Amino acid sequence: MSTFLAFTVLGIVSGAVYAILATGLVVTYNTTGVFNFAQGAVGAVAAFSYWQLWQAWHWPFLLAILFVVLVEAPVLAVAVEFVFFRRIHGASVERSLMVSLGLLVILLGVATIFWSNPDVVRSVPPYFTQANGTVLSVHLFGANGVTLQYQEIMIVVIAAVVSVALGLFLRRVRIGVAMRAVVDDPELVAMSGAKPYRMSQTGWAIGFMLAGLAGVLLAPIVGQTGLTADQLTLLALNGFAAAVVGRLRNLPMTFVGAIALGLITQYCVGYLPGHINAGLASVLTEVIPVAFLFVVLLVIPAARLAPAGRLSVRPVPKVVTGRQSVAGAILLVALVAVLAAMVGETALATMSQGLAFGIVGLSLVLLVGYAGQVSLCQLTFMGIGAYTMGKAFGGGSWWGLVLAVVVSGAVGAVVALPALRLRGLYLALATFAFGEVMYSAFFSNSTVIPDGTSINVGRVPLPFMHGVSDRAMLVEVAVAAALCALVVGLVRRSAFGRRLVAMSDSPAAYATVGLNSVRTKVIVFALSAAMAGLGGVFYAGQQGGIGANDVQFIGSLTLLLWVVIWGVRTVSGALLGGMTAAVLPVLQTHLPPSLADLAGLAAGIGIVLLAQSPEGILGMEWLTNRVHLPFGDTADVPRELFVDHEVASAA
Amino acid sequence: MPPESAATAALEVEKVSVRFGGVAALTDVSLRAEPGTVTGLIGPNGAGKTTLFNVITGLQRADKGSVFLAGTEVTRKRTHRRARLGLARTFQRLELFSTLSATDNVRVGLEATGRSSASAAVGLLERVGIGEDASSPVSSLPTGSARLVELARALSTDPKVLLLDEPCSGLDERETDTLGRLLTSLASEGRAVVLVEHDTELVMRVCDRVHVLDFGEVIASGTPDEVRTDPVVQEAYLGQSTGAPVGADPTAQP
């Protein structure tokens, strides 16, 4: 009985913190239309700031809390709203998703710069601690009862108060009601005398303050042995799951979802059969919230294909002709072959990696660029390809390559199946959840890949050669990348390619001409995952193996952002994006260690700078008017822009 | 089962109701469209015309009522299944494949029904009168032409029932005349055309039957002449009964 009570208390307390995070997420989403992927990162920055002010600079702890939650968080929110989001108001789901992902990597990068020195332990003592170190608590229900720390009671009370107060604010207070209206029609709100951007600012500020509050409350719970940014950011995942239970709208349901998630996690861990080892138990704590998110995404009602009536005005890259494709492919292989003969060892390795990432980037062109489906787990597919290659047919053979492509493609199709009912944001969340589940339960599971090691993966053998040298490897990857580029071009020129673009442009019209978007999505997901798996074969072959560190979420995210920055509808953009993702970490080794995540930070900044140029660098007018790229990737800019000025009737 | 009728209608809507929260968007709306005819659907903004199209095509779930295509109940079928049974539509707020050319917009439809040729696509664009815009990206077209691309795309599936949501807005008088003749000709091929249009003059000219929607209810149905002189319709359109026939006076247009 007492263990049950203990787990219940733990579950409710962690659930309460998730509830605060999730409530912030929901408020921001409802006032700005942006799902803030960086919610956890904001919490992390707040927790670190709290530590900095209180433990390092010796501010009074209450002052430190008030400063973080009431000053730092809202100021940061207003800055973020102004710099990042005001310019893209009303942009597509994909666009605002990219910018919020950019914000995530920027905040993580900044946190790493300030708080990554491994010599410092950033531990945060619990609240309500006496001078002698005793944590104040109260014991309930007698001998078989449970001990409640004061701070646990405080967290639950704060969460409940926040939830109720916000609910009242959004329903009963005038500005709250206006805030809810802003998302639907900012112009209408403007006509009624309110300033839309003020509402958005308030939405961001509330979201950030709640994230900050959650961070500050969590700090002593997760940070007794030291805070880390990754750990705090990933806790946001629990917030995502809870917010999705409330379908991103409903605050009470969000609260219930958060508490349920906290309880489920604690009970599952607490009542594991005795023979399960501690390693698996810790895997479970990571997997349960993500699995919960995945299941919730599956059971929430499918979005109906509502006509959007918003015709985006965007110049898009011209469709590559067959001749341009072939010329580009030959040029790529020739250029790489020449370079391979000239450069040194490090450059050989980096270029091979870059091209392997380029192949994964090409898989994103199919999925994100053409079909408009955002995937946040592309490196997971890459890892599955690499793992299959390493385990099958002796670990380095042509048959292994074929199997790797088939297996990753099949997994891609399976991931797509449940994701099919979902669109836009929910689909992105589902791929995110899948990637995280695979990371926790498979790649970083010591029974699959022993801790800190990698699975050996051999190189694809070449005829008449004993072993594949680094030089031969580079040319081999270049040929593979060139072939993938040709495939992407072929797909785009085919009837299937037109379908992908059509489905992305207007799902409603797609269905009304008799096309089944479910089938199309499964096929494109499978194709894209298969290509990413192929990239994995070469990526792992180059470095000799694949490990958990190669398939992290942040890696998938950074690669995606780089491809989008260069131009996600272009073959050149995919290859340049892959190359950038490979080169930056090498450059970073020459920089001070505090700039730990250069690739991510730069990607975040890049995506924000390009917020208004959805076609990326290669799609920018000034560039395309001057430069002609191989693969014919120049933007076709319509002179006369079309906007539907029709005043829509209400029904 | 569809109600007893002499001949099976190409499209039959039976007592459809839709509520959005507290607002009744459609209440017990019934409608028939016969092959070879043009059926008009008019009514003030917000009357529920587009919602009705969304229900017919399956983009909006009806709370009550049924939809039949050539006698087959499709109320629970998904949008693309209904399309394969011969239903096509255009959208009032454009739903073009905005990053494709006009030709490719139509080709996607042709390919969906297993036919594919760029020349057939251009042929359809010529039929609706915008052959010269075939290779333009649709995002560069003016609204009127963009609507005609939607019409050509709808025709690409060779539909038996064609729902047109304000195809004339954005067209000038001459283009509207041409479109009117095209609608009559489409009907003469045995299609059932359903037309939502604010240009009442056009509706009265090309339609065989007209239904008037107001606040989600059908307030009048009949031949153009019957509807034109219906006092209830005049009330809905002008706020008062003037005795002047609807559609005779340009100021009568909402």
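Chains A and B supply the protein sequences, listed in that same order. For any residue, its number in the working numbering is found by taking its place in the first sequence, counting from 1, and adding 220. For any residue, its number in the working numbering is found by taking its place in the second sequence, counting from 1, and adding 97. Every residue gets a Cβ at the ideal spot worked out from N, C-alpha and C, and that includes glycine. Every value quoted in this text rests on a predicted model; they were computed, and no experiment measured them.
Taking 8 Å as the limit between beta carbons, can you name the residues of its chain near residue i, skipping five residues before and five after?
i, result
"Asp160 of chain B", "Ser114, Val115, Arg116"
"Thr200 of chain B", "Ala215, Ala218, Val219, Leu222, Ala231, Ser232"
"Val289 of chain A", "Ala266, Met429, Gly432, Leu433, Val436"
"Gly316 of chain A", "Going by the sequence as given, residue 316 of chain A is Ser instead of Gly. Answer for Ser316 of chain A: Gly253, Val254, Phe255, Phe305, Ile308, listed in chain order."
Would you say residue i reaches chain A, if we count a Cβ-Cβ gap shorter than 8 Å as a contact?
i, result
"Gly162 of chain B", "no"
"His177 of chain B", "yes"
"Arg212 of chain B", "no"
"Val425 of chain B", "Residue 425 of chain B is absent from the structure shown; chain B starts at 98 and stops at 351."
"Leu108 of chain B", "no"
"Leu166 of chain B", "no"
"Thr154 of chain B", "yes"
"Ser232 of chain B", "no"
"Leu193 of chain B", "yes"
"Ser253 of chain B", "yes"
Could you pull out every residue in the same chain whose Cβ sits closer than 6 Å to the Cβ of residue i, ignoring the five residues on either side in sequence?
i, result
"Ala236 of chain A", "Ile375, Val376, Ala379"
"Tyr599 of chain A", "The sequence given here places Leu at residue 599 of chain A; Tyr does not occur at that position. The answer, listed in chain order, is Val771, Gly775, Ser776."
"Ala624 of chain A", "Gly605, Thr608, Met609, Gly753, Val757"
"Ala297 of chain A", "Trp424, Ala425, Phe428"
Pull up the CB-CB distance for residue i and residue j, whole angstroms please, since I reckon it's below 8 Å.
i, j, result
"Thr254 of chain B", "Ala180 of chain B", "6 Å"
"Gly183 of chain B", "Leu310 of chain B", "The Cβ separation is near 24 Å, so there is no contact."
"Ala700 of chain A", "Phe758 of chain A", "6 Å"
"Val539 of chain A", "Arg712 of chain A", "6 Å"
"Ala209 of chain B", "Gly734 of chain A", "5 Å"
Looking at the secondary structure, which residues open and close the beta strand (DSSP E) in which residue i lies?
i, result
"Ala121 of chain B", "120-130"
"Ile316 of chain B", "314-319"
"Arg186 of chain B", "184-186"
"Gly687 of chain A", "No beta strand (DSSP E) holds Gly687 of chain A; DSSP gives it neither H nor E."
"Leu238 of chain B", "That residue, Leu238 of chain B, is in no beta strand (DSSP E); it is neither H nor E in DSSP."
"Ile139 of chain B", "135-139"
"Ser114 of chain B", "108-117"
"Ala289 of chain B", "289-293"
"Gln369 of chain A", "366-369"
Using CA coordinates, which residue listed in the options is at the minimum distance from residue i?
i, options, result
"Ile484 of chain A", "A:Gly231, A:Gly672, A:Asn458, A:Thr474", "A:Gly231"
"Thr154 of chain B", "B:Gly220, B:Leu259, B:Gly313", "B:Leu259"
"Gln331 of chain B", "B:Ala185, B:Pro141, B:Arg173, B:Leu123", "B:Pro141"
"Leu123 of chain B", "B:Val110, B:Ala130, B:Gly133", "B:Val110"
"Ala434 of chain A", "A:Gly244, A:Glu314, A:Gly592, A:Leu504", "A:Gly244"
"Tyr417 of chain A", "A:Met473, A:Ala698, A:Ile395", "A:Ile395"
"Leu642 of chain A", "A:Gly605, A:Val626, A:Leu282, A:Val594", "A:Val594"
"Ala576 of chain A", "A:Ala561, A:Asn676, A:Pro472, A:Leu703", "A:Leu703"
"Leu710 of chain A", "A:Leu452, A:Gly542, A:Val476, A:Val515", "A:Gly542"
"Ala284 of chain B", "B:Gly137, B:Gly118, B:Gly119", "B:Gly137"
"Gly655 of chain A", "A:Thr673, A:Leu471, A:Ala749, A:Gly592", "A:Ala749"
"Asp305 of chain B", "B:Arg224, B:Ile316, B:Leu280, B:Arg204", "B:Leu280"
"Gln369 of chain A", "A:Leu386, A:Gly387, A:Thr349, A:Val381", "A:Thr349"
"Leu225 of chain A", "A:Asn250, A:Leu360, A:Leu282", "A:Leu360"
"Val742 of chain A", "A:Leu586, A:Gly798, A:Ser660", "A:Leu586"
"Gly490 of chain A", "A:Val634, A:Thr740, A:Val229, A:Ile837", "A:Val229"
Can you find the residues in the same chain that come closer than 7 Å, C-beta to C-beta, to residue i, ignoring five residues on each side of it along the sequence?
i, result
"Phe662 of chain A", "Val668"
"Leu481 of chain A", "Gly235, Tyr238, Asn458, Ala461, Ala462, Pro509, Phe512"
"Arg530 of chain A", "Interpretation of Arg530 of chain A is limited by its pLDDT of 48, a score under 50 that renders its predicted location unreliable; the figure taken from the coordinates is listed afterwards. Excluding residues within five positions, none has a Cβ falling inside 7 Å."
"Gly764 of chain A", "Asn676, Val677"
Is the CB of residue i under 8 Å away from at least one CB in chain B?
i, result
"Leu747 of chain A", "no"
"Ala591 of chain A", "no"
"Ala729 of chain A", "yes"
"Val585 of chain A", "no"
"Val721 of chain A", "yes"
"Ala715 of chain A", "yes"
"Ser689 of chain A", "no"
"Ser312 of chain A", "no"
"Ser833 of chain A", "no"
Taking the alpha helix (DSSP H) that residue i falls in, what are its first and last residues?
i, result
"Asp160 of chain B", "Asp160 of chain B -> no alpha helix (DSSP H), and no H or E assigned at all."
"Asp201 of chain B", "199-209"
"Phe150 of chain B", "146-154"
Could you check whether the Cβ of residue i sits closer than 7 Å to any heavy atom belonging to the ligand GTP?
i, result
"Phe684 of chain A", "Absent from the structure shown: the ligand GTP. Ligands present: none."
- Message: To be precise: take each residue of the segment 733-747 of chain A, compare its Cβ to all Cβ atoms of chain D, and keep it if any distance is under 7 Å. Which residues remain?
- Response: You won't find chain D in this structure, because its protein chains are A and B.
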